[in-house]
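Residue numbers (mature numbering (1 follows the signal peptide of the UniProt record, and there is no 0)): -22 to -1, 1 to 334. For every residue, glycine included, the Cβ atom is placed at its ideal position computed from N, Cα and C. No experiment lies behind these values; they were computed from the predicted model shown. All remarks here apply to the structure that follows.
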Amino acid sequence: MSRTLAVPALAALILLAGCATAPPAATDAPEESGGEQSLECAQMVTNSGGLNDRSFNETSWAGMERAQEELGVEANVLVSTTESDLAPNVQAAVDTGCGFVLTVGYELAAATGEQAAANPDVQFAIVDEFVDGPNVRSIVFDTAQAAFLAGYTAASVSETGTVATFGGGNQPPVTLFMDGFAAGIDAYNEAKGAEVALLGWDPESQDGTFTGDFENVSLGQSQTQAFIAQGADVILPVAGQVGEGAFRASLDAGGEALVIWVDNDGYDTLPAEFQPLLLTSILKNTEDAVVTAVGEAAAGEISDEPIIGTLENGGVDIAPFHDLESRVSDETKAELEALRQQIIAGEITIESPSSP
């Protein structure tokens, strides 16, 4: 495991005050081009989770809709519901003649690479995956940075001394969250002399608990029930819609476990009945990144430069604590702000085999 954690003077973190906030607007959005726009339409292809996944498909499409509104580029989406839809949908997106094609998720990596090689004049972009090609922009996020803050928070509020995480599959966009979460728990234990345990993920072996699915909510429910039975009172599901099962299991258990959501602020996107259990969310600013990619393509550029979201540029962050604001102490909020600034300054480095 290549993750390193350098945390100087953690005991002094309470000297810096502040509270974690939602990410600011992206600072690298495209400026108005002096030339004539060369892009009339843009296509998006979802992964097999579909469009309304309360995750990266949904936020990617929000970016496409914004690009349509702000840039005048007609946006369309091809929705994949099974794996057999993926490659044909990318082909269909290319066949429309649009100059920009966005694909979402690792499942679409192979099809994206193949079509990009065959269509060098089309600008491709892919969310949450690296694809090599002179006309492919990879939109990725260093979610370990924000997950570190979430892990520290989880450890601070745990009353049982046990927290847990599970993923939909053992893939880099998933395990990057889990590595950062584990590192944050380690930092809390070091700073406080605590022994908060993490179930579901071992950073050293890069193995843990996975449902093997991103859509079947019942799998997340049964896994969370097992974690609650082992004493976990904070759960981080990194499994798309499957993660909703964590809330269901906690509600069935009388609200024994708090839940951390990923990708977007679950307080805004999940059913209202889950809100009292939502500790925070680990955010990826996919929407702004997509607007940037479409805007630069509209300016006539074909690029392979990746777009990488970090704490520093507002590409990742943690959401407000909403209904659970009082569960997070002022001392912890001050420590979180200190950690945030140290990560941005490079004084704390969270590395992972899955780092972008």
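Residue environment, residue i, which counts as buried when at least 16 other CB atoms sit within 10 Å
i, result
"P331", "exposed"
"N54", "exposed"
"D164", "buried"
"D185", "exposed"
"G233", "exposed"
"A275", "buried"
"Q208", "exposed"
"G41", "buried"
"S134", "buried"
"D157", "buried"
"E48", "exposed"
"D243", "buried"
"S183", "exposed"
"D308", "exposed"
"P249", "exposed"
"D301", "exposed"
"N291", "buried"
"G171", "exposed"
"A231", "exposed"
"N30", "exposed"
"D99", "exposed"
"E313", "buried"
"G91", "buried"
"A316", "buried"
"G50", "exposed"
"S304", "exposed"
"G162", "buried"
"G75", "exposed"
"A(-11)", "Bear in mind that a pLDDT of 37 at A(-11), under 50, signals an unreliable position, so the number given afterwards is only what the model happens to contain. Under this definition A(-11) is an exposed residue."
"E168", "exposed"
"V36", "First, the residue type needs correcting, since residue 36 is Glu and not Val in the sequence shown. By the neighbour-count rule (16 or more Cβ atoms within 10 Å), E36 is buried."
"P181", "buried"
"D246", "exposed"
"E265", "buried"
"N151", "Checking the sequence, you will find Pro at residue 151 rather than Asn. With 16 or more Cβ atoms within 10 Å of its Cβ, P151 is classed as buried."
"G190", "exposed"
Residues that DSSP places opposite residue i in a beta bridge
i, result
"A175", "T140"
"M22", "V55, L80"
"S116", "I104"
"D180", "D185"
"G129", "None, per the DSSP bridge assignment."
"G145", "F188, V216"
Anticipated Cβ contact below 8 Å, residue i with residue j, distance rounded
i, j, result
"D211", "T140", "7 Å"
"E107", "G83", "7 Å"
"A95", "G111", "6 Å"
"E251", "Q219", "At roughly 16 Å, the Cβ-Cβ gap does not stay under 8 Å, so E251 and Q219 are not in contact."
"I322", "L289", "5 Å"
"L214", "F159", "6 Å"
"A20", "A45", "7 Å"
"V216", "G145", "5 Å"
"V118", "Q93", "Actually they do not touch by this definition, with Cβ atoms about 19 Å apart."
"G221", "W239", "7 Å"
"I104", "A87", "7 Å"
"Q101", "I280", "5 Å"
"A128", "S333", "At roughly 17 Å, the Cβ-Cβ gap does not stay under 8 Å, so A128 and S333 are not in contact."
"I286", "D63", "The pair is not a contact, with the Cβ atoms about 29 Å apart (cut-off 8 Å)."
"K262", "D282", "With 8 Å as the limit, K262 and D282 do not qualify as a contact, their Cβ atoms being about 21 Å apart."
"T143", "W179", "5 Å"
"L154", "F78", "About 26 Å; that fails the 8 Å criterion."
Residue-level contact to chain D via CB, residue i, 8 Å cutoff
i, result
"H300", "Absent here is chain D; the protein component of the structure consists of one chain."
Please give me, in chain order, every unbroken run of the alpha helix (DSSP H) with length at least 4 that falls completely inside the stretch 248 to 321.
Whole alpha helix (DSSP H) segments, 4+ residues: 264 to 276.
**Request:** List in chain order: all unbroken alpha helix (DSSP H) runs of 4+ residues lying wholly within the stretch 212 to 242.
**Result:** Within the stretch 212 to 242, the complete alpha helix (DSSP H) runs of at least 4 residues are 222 to 230.
Given 8 Å as the limit, is there contact between the stretch 320 to 334 and the stretch 293 to 300, that is, 3 or more CB pairs closer than that? no
- Does the pairing of the stretch 22 to 31 with the stretch 73 to 88 give three or more beta-carbon distances under 8 Å? Taking one beta carbon from each stretch, the stretch 22 to 31 and the stretch 73 to 88 have 3 or more pairs nearer than 8 Å; the two touch.
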